[in-house]
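Everything below concerns the one structure shown next.
Residue numbers (UniProt numbering): 1 to 154.
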């Protein structure tokens with residue numbers, strides 16, 4: 001029996017009909033059908049955590065197969081759909097009283113290059129034109145049209 005591996009990096013994966021990221025009133029990224037992935041980076045995350053998230057997101061079978069009628073049969077790659085990645089340190093928020101605390105999230109000066117390497121991992125593992133992302137550290141408006149809705153946490 002293999003030991004349970006605890007993954008620190010968090011990802012909230014949503015199947016979408018479309019999604020976009022807006023910064024300062026301007027759309028900076030958008031996809032049609034595909035996956036919106038909110039990524040939280042823990043202070044102790046490593047490249048192997050990023051590899052795991054990339055592999056899982058690209059291979060999760062969250063889309064129907066219209067030919068066979070099977071509901072959970074195709075991955076985003078098989079459908080040739082888009083992936084929109086958005087860094088979200090608040091996935092590591094904890095409440096001490098009423099104020100959120102984010103001390104377990106990776107500090108921004110380390111998280112930015114780590115997040116950029118994660119985005120690059122996705123681009124190298126799939127069609128780079130179908131991998132989009134937000135702007136790290138920016139105040140963003142994320143617009144999405146849920147499909148299902150289907151939302152999973154990694």
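All C-beta atoms in this analysis are idealised placements derived from N, C-alpha and C, irrespective of residue type, glycine included.
Between residue 23 and the set 113, 44 and 86, the nearest pair of CA atoms involves 86. Non-local C-beta neighbours of residue 148 in its own chain, meaning closer than 7 angstroms and more than five positions away in sequence, comprise 15, ordered along the chain.
Beta-bridge analysis with DSSP links residue 146 to 16. The shortest CA-to-CA distance from residue 153 to any of 47, 119 and 36 is the one to 36. According to the DSSP assignment, residue 86 belongs to the beta strand (DSSP E) that extends over 82-87. Residue 83 places its beta carbon 9 angstroms or farther from that of residue 144. Of all alpha-carbon atoms in 124, 146 and 138, the one lying nearest the alpha-carbon of residue 25 is that of 138. The beta carbon of residue 119 sits closer than 7 angstroms to the beta carbons of 85, 131 and 133 from its chain, once the five residues preceding and following it are set aside; these are given in chain order.
Ranked by how close their Cα comes to the Cα of residue 31, the residues 41, 46, 81 and 103 have 81 in first place. In the DSSP assignment, residue 57 falls within the alpha helix (DSSP H) that extends over 47-59.
DSSP places residue 119 in the uninterrupted alpha helix (DSSP H) bounded by 108-125. Sorting 20, 34, 28 and 8 by C-alpha distance to the C-alpha of residue 151 places 34 at the top.
Secondary structure at residue 94: strand, using DSSP grouped into helix, strand and coil.
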